[in-house]
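Each remark here refers to the structure printed beneath this line.
Numbering (the working numbering), first residue to last: 44 to 223.
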(Lines of atoms letter the chains of each structure in order from A and count residues from 1; the text may use other names and numbers.)
(Lines give C-alpha, C1' and ligand atoms only; values in the text may rest on other atoms or scores of the structure.)
Protein backbone atom coordinates (compact mmCIF):
# COMPACT_ATOMS: atom_id res chain seq x y z
CA UNK A 1 0.00 0.00 0.00
CA UNK A 2 1.21 3.50 -0.81
CA UNK A 3 2.53 5.02 2.42
CA UNK A 4 0.40 8.11 1.77
CA UNK A 5 -2.67 6.00 2.53
CA UNK A 6 -1.66 4.14 5.67
CA UNK A 7 -3.39 4.75 8.99
CA UNK A 8 -3.27 7.43 10.56
CA UNK A 9 -2.95 9.41 7.33
CA UNK A 10 -6.14 7.76 6.11
CA UNK A 11 -7.84 9.01 9.29
CA UNK A 12 -7.06 12.56 8.20
CA UNK A 13 -8.53 11.86 4.77
CA UNK A 14 -11.75 10.59 6.33
CA UNK A 15 -11.91 13.71 8.52
CA UNK A 16 -11.49 15.91 5.42
CA UNK A 17 -14.31 14.01 3.70
CA UNK A 18 -16.60 14.51 6.72
CA UNK A 19 -15.70 18.21 6.92
CA UNK A 20 -16.11 18.88 3.20
CA UNK A 21 -19.11 16.70 2.35
CA UNK A 22 -21.81 18.98 1.02
CA UNK A 23 -25.21 17.97 -0.23
CA UNK A 24 -27.90 19.99 -1.94
CA UNK A 25 -30.78 20.99 0.31
CA UNK A 26 -33.47 18.33 0.22
CA UNK A 27 -31.21 15.73 -1.40
CA UNK A 28 -32.86 12.30 -1.45
CA UNK A 29 -31.20 9.07 -0.36
CA UNK A 30 -29.85 8.11 -3.82
CA UNK A 31 -28.27 11.57 -4.21
CA UNK A 32 -26.70 11.29 -0.76
CA UNK A 33 -25.42 7.80 -1.55
CA UNK A 34 -23.87 9.06 -4.80
CA UNK A 35 -22.21 11.97 -3.00
CA UNK A 36 -20.61 9.61 -0.47
CA UNK A 37 -19.41 7.22 -3.18
CA UNK A 38 -17.97 10.09 -5.24
CA UNK A 39 -16.19 11.62 -2.23
CA UNK A 40 -14.63 8.32 -1.17
CA UNK A 41 -13.54 7.55 -4.73
CA UNK A 42 -12.06 11.03 -5.21
CA UNK A 43 -10.01 10.83 -2.01
CA UNK A 44 -9.10 7.14 -1.78
CA UNK A 45 -9.78 5.54 -5.17
CA UNK A 46 -7.58 4.48 -8.05
CA UNK A 47 -7.52 7.97 -9.66
CA UNK A 48 -5.34 9.13 -6.73
CA UNK A 49 -3.54 5.76 -6.47
CA UNK A 50 -5.42 5.04 -3.26
CA UNK A 51 -6.21 1.68 -1.73
CA UNK A 52 -9.82 1.53 -2.95
CA UNK A 53 -10.53 -0.49 -6.11
CA UNK A 54 -14.34 -0.16 -5.84
CA UNK A 55 -16.90 1.56 -3.63
CA UNK A 56 -20.67 1.27 -3.67
CA UNK A 57 -23.93 0.64 -1.89
CA UNK A 58 -26.15 -2.42 -1.83
CA UNK A 59 -29.79 -2.32 -0.73
CA UNK A 60 -32.20 -5.19 -0.10
CA UNK A 61 -34.25 -6.58 -2.98
CA UNK A 62 -38.04 -6.36 -2.52
CA UNK A 63 -38.18 -10.06 -1.60
CA UNK A 64 -35.52 -9.59 1.11
CA UNK A 65 -33.53 -12.58 -0.18
CA UNK A 66 -30.72 -10.69 -1.94
CA UNK A 67 -29.06 -7.29 -2.25
CA UNK A 68 -29.20 -4.97 -5.25
CA UNK A 69 -26.42 -2.69 -6.49
CA UNK A 70 -26.91 1.02 -5.87
CA UNK A 71 -24.63 4.00 -6.59
CA UNK A 72 -21.02 2.90 -7.07
CA UNK A 73 -17.64 3.81 -8.50
CA UNK A 74 -15.93 3.05 -10.72
CA UNK A 75 -17.33 0.05 -12.51
CA UNK A 76 -20.41 -2.18 -12.38
CA UNK A 77 -20.44 -5.07 -9.93
CA UNK A 78 -22.46 -8.19 -9.24
CA UNK A 79 -26.19 -7.66 -8.76
CA UNK A 80 -28.19 -9.14 -7.25
CA UNK A 81 -25.95 -10.79 -4.68
CA UNK A 82 -26.94 -13.37 -2.09
CA UNK A 83 -27.01 -12.76 1.63
CA UNK A 84 -24.23 -15.34 2.17
CA UNK A 85 -21.45 -12.94 1.10
CA UNK A 86 -19.68 -10.19 3.04
CA UNK A 87 -22.35 -7.59 2.23
CA UNK A 88 -25.17 -9.93 3.19
CA UNK A 89 -23.36 -10.91 6.36
CA UNK A 90 -23.01 -7.24 7.34
CA UNK A 91 -26.63 -6.54 6.42
CA UNK A 92 -28.11 -9.45 8.37
CA UNK A 93 -25.82 -9.14 11.42
CA UNK A 94 -26.12 -5.33 11.46
CA UNK A 95 -22.38 -5.21 12.22
CA UNK A 96 -19.51 -3.68 10.31
CA UNK A 97 -17.30 -6.29 8.67
CA UNK A 98 -13.57 -5.86 8.00
CA UNK A 99 -12.19 -8.56 5.72
CA UNK A 100 -8.39 -8.70 5.98
CA UNK A 101 -8.13 -11.31 3.22
CA UNK A 102 -11.14 -12.39 1.16
CA UNK A 103 -9.73 -15.94 1.15
CA UNK A 104 -10.77 -16.07 4.83
CA UNK A 105 -14.42 -16.00 3.70
CA UNK A 106 -14.14 -19.24 1.73
CA UNK A 107 -17.45 -20.13 0.06
CA UNK A 108 -18.96 -17.01 1.65
CA UNK A 109 -17.03 -14.74 -0.70
CA UNK A 110 -18.75 -13.32 -3.78
CA UNK A 111 -15.99 -12.44 -6.25
CA UNK A 112 -17.16 -9.58 -8.46
CA UNK A 113 -13.54 -8.61 -9.22
CA UNK A 114 -11.01 -11.46 -9.05
CA UNK A 115 -8.28 -8.95 -8.13
CA UNK A 116 -9.97 -7.86 -4.89
CA UNK A 117 -8.09 -9.03 -1.80
CA UNK A 118 -9.79 -7.24 1.11
CA UNK A 119 -12.89 -5.22 1.91
CA UNK A 120 -14.78 -3.29 4.54
CA UNK A 121 -18.59 -3.26 4.72
CA UNK A 122 -20.66 -1.04 7.02
CA UNK A 123 -24.41 -1.13 7.66
CA UNK A 124 -26.66 1.89 7.09
CA UNK A 125 -29.58 2.34 9.47
CA UNK A 126 -32.86 4.23 9.32
CA UNK A 127 -33.08 7.32 11.48
CA UNK A 128 -35.61 7.14 14.29
CA UNK A 129 -36.12 6.83 18.00
CA UNK A 130 -35.66 3.06 18.08
CA UNK A 131 -32.66 1.57 19.88
CA UNK A 132 -32.52 -0.98 17.07
CA UNK A 133 -33.32 0.86 13.83
CA UNK A 134 -33.81 -1.17 10.63
CA UNK A 135 -30.82 -1.60 8.33
CA UNK A 136 -31.66 -0.23 4.86
CA UNK A 137 -28.40 -1.14 3.10
CA UNK A 138 -24.62 -1.42 3.25
CA UNK A 139 -21.64 0.57 2.04
CA UNK A 140 -19.02 -1.78 0.56
CA UNK A 141 -15.41 -0.86 -0.21
CA UNK A 142 -12.96 -3.22 -1.90
CA UNK A 143 -9.18 -3.19 -2.37
CA UNK A 144 -6.72 -5.10 -4.53
CA UNK A 145 -4.43 -5.31 -1.48
CA UNK A 146 -4.72 -7.62 1.53
CA UNK A 147 -5.02 -5.96 4.95
CA UNK A 148 -6.07 -2.68 3.35
CA UNK A 149 -8.64 -1.90 6.07
CA UNK A 150 -8.89 -1.96 9.85
CA UNK A 151 -11.79 -1.48 12.25
CA UNK A 152 -11.00 2.25 12.41
CA UNK A 153 -11.93 2.44 8.72
CA UNK A 154 -15.37 1.03 9.54
CA UNK A 155 -15.90 3.60 12.31
CA UNK A 156 -14.81 6.44 10.01
CA UNK A 157 -17.14 5.26 7.25
CA UNK A 158 -20.06 5.20 9.70
CA UNK A 159 -19.28 8.82 10.59
CA UNK A 160 -19.30 9.73 6.89
CA UNK A 161 -22.72 8.09 6.50
CA UNK A 162 -23.96 10.07 9.50
CA UNK A 163 -22.62 13.36 8.08
CA UNK A 164 -24.36 12.59 4.77
CA UNK A 165 -27.66 12.05 6.57
CA UNK A 166 -27.71 8.39 5.57
CA UNK A 167 -27.41 6.68 8.94
CA UNK A 168 -27.16 7.39 12.64
CA UNK A 169 -24.06 5.90 14.23
CA UNK A 170 -25.06 3.32 16.84
CA UNK A 171 -22.32 3.22 19.48
CA UNK A 172 -22.01 -0.56 19.28
CA UNK A 173 -21.20 -0.37 15.55
CA UNK A 174 -18.22 1.83 16.30
CA UNK A 175 -16.81 -0.65 18.80
CA UNK A 176 -18.09 -3.97 17.50
CA UNK A 177 -16.73 -4.48 13.98
CA UNK A 178 -16.25 -8.12 13.00
CA UNK A 179 -12.77 -8.75 11.61
CA UNK A 180 -12.10 -11.83 9.46
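The beta-carbon is built from N, C-alpha and C at its ideal position, and this holds for glycine as well.
Computed from a predicted model, the values in this text were never measured in an experiment.
Under 8 Å between C-beta atoms of residue i and residue j
i, j, result
"residue 84", "residue 117", "yes"
"residue 100", "residue 88", "no"
"residue 130", "residue 148", "no"
"residue 51", "residue 188", "no"
"residue 184", "residue 169", "no"
"residue 75", "residue 208", "yes"
Residue i: first and last residue of the uninterrupted beta strand (DSSP E) it sits in
i, result
"residue 134", "That residue, residue 134, is in no beta strand (DSSP E); its alpha helix (DSSP H) goes 129–136."
"residue 225", "The chain is shown from 44 up to 223; residue 225 falls before or after that span and cannot be answered."
"residue 116", "109–116"
"residue 152", "Premise fails: residue 152 is in no beta strand (DSSP E) and is neither H nor E."
"residue 185", "178–186"
"residue 99", "97–103"
Delimiting residues of the alpha helix (DSSP H) encompassing residue i
i, result
"residue 169", "That residue, residue 169, is in no alpha helix (DSSP H); it is neither H nor E in DSSP."
"residue 8", "Outside the shown range of the chain (44 to 223) lies residue 8, about which nothing can therefore be said."
"residue 212", "Looking at the DSSP string, residue 212 is not in any alpha helix (DSSP H), and its letter there is neither H nor E."
Alpha carbon of residue i to alpha carbon of residue j, nearest angstrom
i, j, result
"residue 119", "residue 155", "9 Å"
"residue 139", "residue 77", "20 Å"
"residue 54", "residue 106", "37 Å"
"residue 190", "residue 144", "6 Å"
"residue 127", "residue 134", "10 Å"
"residue 171", "residue 212", "12 Å"
"residue 197", "residue 141", "7 Å"
"residue 136", "residue 178", "10 Å"
"residue 97", "residue 115", "7 Å"
"residue 103", "residue 173", "20 Å"
"residue 166", "residue 205", "11 Å"
"residue 175", "residue 86", "32 Å"
"residue 199", "residue 73", "20 Å"
DSSP state of residue i mapped onto helix, strand, coil
i, result
"residue 145", "helix"
"residue 69", "coil"
"residue 87", "helix"
"residue 161", "strand"
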